[in-house]
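S.K.:
Protein chains: 2
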Amino acid sequence: MNTVEVNTPGGRYPIHVAPGRLDRLGDSIPADATAIALITNPTVAAHYASRAIAALESTGKRVIRVELPDGEQYKDWQTLNLIFDALLQNRLDRKAVLVALGGGVIGDIVGFAAACYMRGVRFVQVPTTVLAQVDSSVGGKTAVNHPLGKNMIGAFYQPVAVEIDTDVLNTLPDREVSAGLAEVIKYGLIMDPAFFEWCEANADALRRRDPQAMAHAIVRSCELKAQVVSADERESGLRAILNFGHTFGHAIEAGLGYGQWLHGEAVGCGMIQAAELSARVLGLPADSVARVRSLVEAIGCPVAPPDLGTDRWIDLMQVDKKTEGGQLRFVLLPRIGEARSQAVPDADLRQVLAQAAQPATEQG
Amino acid sequence: MNTVEVNTPGGRYPIHVAPGRLDRLGDSIPADATAIALITNPTVAAHYASRAIAALESTGKRVIRVELPDGEQYKDWQTLNLIFDALLQNRLDRKAVLVALGGGVIGDIVGFAAACYMRGVRFVQVPTTVLAQVDSSVGGKTAVNHPLGKNMIGAFYQPVAVEIDTDVLNTLPDREVSAGLAEVIKYGLIMDPAFFEWCEANADALRRRDPQAMAHAIVRSCELKAQVVSADERESGLRAILNFGHTFGHAIEAGLGYGQWLHGEAVGCGMIQAAELSARVLGLPADSVARVRSLVEAIGCPVAPPDLGTDRWIDLMQVDKKTEGGQLRFVLLPRIGEARSQAVPDADLRQVLAQAAQPATEQG
Chain A
336 MNTVEVNTPG
346 GRYPIHVAPG
356 RLDRLGDSIP
366 ADATAIALIT
376 NPTVAAHYAS
386 RAIAALESTG
396 KRVIRVELPD
406 GEQYKDWQTL
416 NLIFDALLQN
426 RLDRKAVLVA
436 LGGGVIGDIV
446 GFAAACYMRG
456 VRFVQVPTTV
466 LAQVDSSVGG
476 KTAVNHPLGK
486 NMIGAFYQPV
496 AVEIDTDVLN
506 TLPDREVSAG
516 LAEVIKYGLI
526 MDPAFFEWCE
536 ANADALRRRD
546 PQAMAHAIVR
556 SCELKAQVVS
566 ADERESGLRA
576 ILNFGHTFGH
586 AIEAGLGYGQ
596 WLHGEAVGCG
606 MIQAAELSAR
616 VLGLPADSVA
626 RVRSLVEAIG
636 CPVAPPDLGT
646 DRWIDLMQVD
656 KKTEGGQLRF
666 VLLPRIGEAR
676 SQAVPDADLR
686 QVLAQAAQPA
696 TEQG
Chain B
336 MNTVEVNTPG
346 GRYPIHVAPG
356 RLDRLGDSIP
366 ADATAIALIT
376 NPTVAAHYAS
386 RAIAALESTG
396 KRVIRVELPD
406 GEQYKDWQTL
416 NLIFDALLQN
426 RLDRKAVLVA
436 LGGGVIGDIV
446 GFAAACYMRG
456 VRFVQVPTTV
466 LAQVDSSVGG
476 KTAVNHPLGK
486 NMIGAFYQPV
496 AVEIDTDVLN
506 TLPDREVSAG
516 LAEVIKYGLI
526 MDPAFFEWCE
536 ANADALRRRD
546 PQAMAHAIVR
556 SCELKAQVVS
566 ADERESGLRA
576 ILNFGHTFGH
586 AIEAGLGYGQ
596 WLHGEAVGCG
606 MIQAAELSAR
616 VLGLPADSVA
626 RVRSLVEAIG
636 CPVAPPDLGT
646 DRWIDLMQVD
656 KKTEGGQLRF
666 VLLPRIGEAR
676 SQAVPDADLR
686 QVLAQAAQPA
696 TEQG
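These protein sequence lines are chains A and B, in that order. In the working numbering, each residue carries its 1-based index in the first sequence increased by 335. In the working numbering, each residue carries its 1-based index in the second sequence increased by 335.
#1: Does any residue of chain A bring its CB to less than 7 Å from the CB of glycine 489/B?
#2: To which residues of the same chain is arginine 397/B closer than 6 Å at the C-beta, ignoring the five residues directly before and after it?
#3: For glutamine 408/B and serine 471/A, I'd like the C-alpha separation in whole angstroms.
#4: Whose C-beta lies closer than 8 Å to the C-beta of glutamate 611/B among residues of the same chain, with five residues either side of it excluded?
#5: Roughly how many angstroms separate the alpha carbons of arginine 685/B and threonine 645/B, rounded to a whole number?
#6: Could you name the residues of chain A that tryptophan 412/B contacts, counting a contact when the two beta carbons are closer than 8 Å?
#7: DSSP state of leucine 507/A, grouped into three classes?
#8: Give a yes or no on whether the minimum CB-CB distance between phenylalanine 419/B and chain A is below 7 Å.
#9: Beta-carbon separation of threonine 375/B and glycine 474/B under 7 Å?
#10: Mind checking who glutamate 498/B pairs with in its DSSP beta bridge?
#11: Among the candidates Leu360/B, Gly572/B, Asp683/B, His382/B, whose CA atom is the shortest distance from the CA of glycine 395/B?
#12: I believe glutamate 511/B touches valine 465/B by the beta-carbon criterion, under 8 Å. Please report the beta-carbon distance rounded to the nearest angstrom.
#13: Check methionine 453/A in the structure and name its three-state DSSP category.
#14: Among Ala380/B, Cys636/B, Ser363/B, which has the Cα closest to the Cα of threonine 463/B?
#15: Cutting at 6 Å between CB atoms, please list the residues of its own chain near isoleucine 399/B, excluding the five before and the five after it.
#16: Specify whether the segment 516–529 of chain A and the segment 557–565 of chain A touch according to this definition: at least 3 beta carbon pairs, one from each stretch, less than 8 Å apart.
#17: Measuring CA to CA, which of Gly484/A, Tyr452/A, Asn342/A, Ile441/A is closest to aspartate 650/A?
#18: Is histidine 585/A close to chain B, meaning its C-beta is less than 7 Å from at least one C-beta of that chain?
#19: What are the start and end residues of the beta strand (DSSP E) that includes asparagine 337/A?
#20: For chain A, is any of its Cβ atoms less than 7 Å away from the one on leucine 541/B?
#21: Distance check for phenylalanine 530/B and tyrosine 348/A, CA to CA, integer angstroms please.
#22: Going by DSSP in three states, alanine 381/A sits in which element: helix, strand or coil?
#23: Nearest to serine 571/B by CA position, among Phe491/B, Met526/B, Asp527/B, Ala589/B, is which residue?
#24: Do the segment 676–683 of chain B and the segment 599–607 of chain B touch if we need at least three Cβ pairs shorter than 8 Å?
#25: Does the separation of the CB atoms of aspartate 405/A and proline 377/A fall below 7 Å?
#26: Let me check understanding here. Comparing Cα to Cα, which of Arg647/A, Phe665/A, Asp358/A, Glu532/A lies closest to glutamate 498/A?
#27: Check whether the Cβ atoms of alanine 450/A and leucine 433/A lie closer than 7 Å to each other.
#28: Taking 8 Å as the threshold, find out whether the segment 410–420 of chain A comes into contact with the segment 441–460 of chain A through three or more Cβ pairs.
#29: Using only alpha-carbon positions, find the residue among Leu667/A, Gly489/A, Arg544/A that is nearest to phenylalanine 583/A.
#30: Taking 7 Å as the threshold (beta carbon to beta carbon), is arginine 347/B in contact with chain A?
#31: Could you give the residue range of the alpha helix (DSSP H) that holds threonine 582/B?
#32: How would you label glycine 699/A, buried or exposed, when you count the other beta carbons within 10 angstroms and need 16 or more for buried?
#33: Compute the distance between the beta-carbons of isoleucine 553/A and valine 352/A, then report whether it is under 7 Å.
#34: Using 8 Å for Cβ pairs, my map puts valine 503/B next to arginine 457/B. What's the rounded Cβ distance?
#35: Rounding to the nearest angstrom, what Cα-Cα distance links isoleucine 364/A and phenylalanine 579/B in this structure?
#36: Determine, for arginine 615/B, whether the minimum Cβ-Cβ distance to residues of chain A falls below 7 Å.
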């Protein structure tokens, strides 16, 4: 088993990565927990809920099960309230522990529920998608969406443990694997050129879920993310580099309606746009931009941004929370393996967006 | 001007207490704030919004105004979302500052909005009731209610400053003054016997809002509360004593429907019940119970609990978040000026509740 430690002001916790962790979930429940709520969705539950519940019940504690509707379009207040309703109806107290079994939507919404329920209860992340395993389950960013923007309502709130069972990726649709790999290559792009090269060399192996390659990709991604969030939990500086590709990506998701493109697909495409912007603003070499595009394509993500119209693109990006004082900032690459947050001239941005002026690809 | 310092892991901030602070609100806005949202209700706005806005606009920053419906019954998700809608429609970013101008409901809901908006923005508390000035605005407890329980959804989230203008109490209804004084005498009961005696000697002066007496009561209450929350921000131990009278009080509020009794009224009456329970469980002398009752009456709060029926009382108290693992715990007094959290035998609780078997007093 690989263990990666995360150490933030808001909490210190382990990420365990190994096949079969699902059957050891009881290990991650604190001894003084008064009850456990397993929160998942019907899609994940069909594969894994009974094993997870058996593992949790081995602690001898009461386990309740809560199912939320599946999909980014349900990552909202209404779904969040389904959790609160269930916790209160079952009288879970402030020493209860929530367990988030699912992808990024489940992790984000359960984490936020844990942050708010009785002003904070403990929770365990059990991510079941590549994306959640390498990104959203680590670092304590929790949130729900608002009609006017993604992840606008949330909290920085750390889990007590992240349990990554690499076996669960076997039941994942190909499209979800590809989308998750977009976040994997992001880590190479922003902070580890050798890992980016490793991803280039192993793109096919990753796409076909070779267990060894996938385990390495997950552990290395978690190490890199842990390094960043341990240094900057609340995104006051360094952590912003993790948003590489995300300002474009969020605009794609919001512009097409949440759930049309997967988050990782939007980020993959957004990284190409961010690389193009990096070329204009910071002089990232053209062949580096081409390498980004090739690798995004090789892992199976779309490379053509939808045509939202330039003004709509900019409008959507302005509501993004990385805007400060009205000035649009982007995470850009001076070279592969290095990132910085940077204000961008309007003209450069518009030229990059003009390249998106082609019919939107239907991804849903 | 009196300044009380609060120092918690979640933030260090001053409480300023003085007449006329409302006109100096600009002083509390951090220099790097990108915009300010003044959030209040129509009742408070009629008296103070224009002065507050003038003071905030003196910073040269953009000020938006948000009005929420007035009353505990609106301390819910729907009202919270009105804040998020306004902040997003006006494109306030994560360096914006929220200003809560109002009583405890406004302070709790705005504080929670600040905790969640873009995963946390700064906020200033400007409490306009006695209750909010001595209690809810200090210490970072923020929340909204859920149909199944009061303050069930919230966060520990500290303001950057608390600005207490003692002049604003002049426009407060008598009933609100009395309700707030219940929390003032609570501090004496749980941790400062000399202050409790001072309250007994000054009950009339407090009730008629004598400026000197009121200023002393507010500053001393803030000092005592700051002492507790600085030692235990997240209510893992000591801070629980601040809930003296609150388990009974919350049951009154939930049982009659939020908004029927004022929170302070319910706490005042709840403190008498908690004193009676203290007599049975910890041997608090009968004359001490009588002093609690007399002082609650002297400040103008109801002393007869509503007849909710014993089973309903217990049911309502069990959902209270101070329950852990199903065992009912109460903050009790071994003597006036000292408090401890304590598990209570069911029989003692039922005997105290049996005394509530009389027609409910209509307080609305």
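Using N, Cα and C, we set each Cβ at its ideal position, and we do this for glycine too.
M.R.: Judging by the given coordinates:
#1: yes
#2: Ala370
#3: 36 Å
#4: Val624, Val687, Gln690
#5: 7 Å
#6: Trp412, Asn416
#7: coil
#8: yes
#9: no
#10: His351/B
#11: Leu360/B
#12: 7 Å
#13: coil
#14: Ala380/B
#15: Ala372, Asn425
#16: yes
#17: Gly484/A
#18: no
#19: 337–343
#20: no
#21: 44 Å
#22: helix
#23: Phe491/B
#24: no
#25: yes
#26: Asp358/A
#27: no
#28: yes
#29: Leu667/A
#30: no
#31: 581–591
#32: Bear in mind that a pLDDT of 37 at glycine 699/A, under 50, signals an unreliable position, so the number given afterwards is only what the model happens to contain. Counting Cβ neighbours within 10 Å, glycine 699/A comes out exposed, since fewer than 16 surround it.
#33: yes
#34: In fact, because the Cβ distance is near 22 Å, the residues do not count as touching under 8 Å.
#35: 32 Å
#36: no
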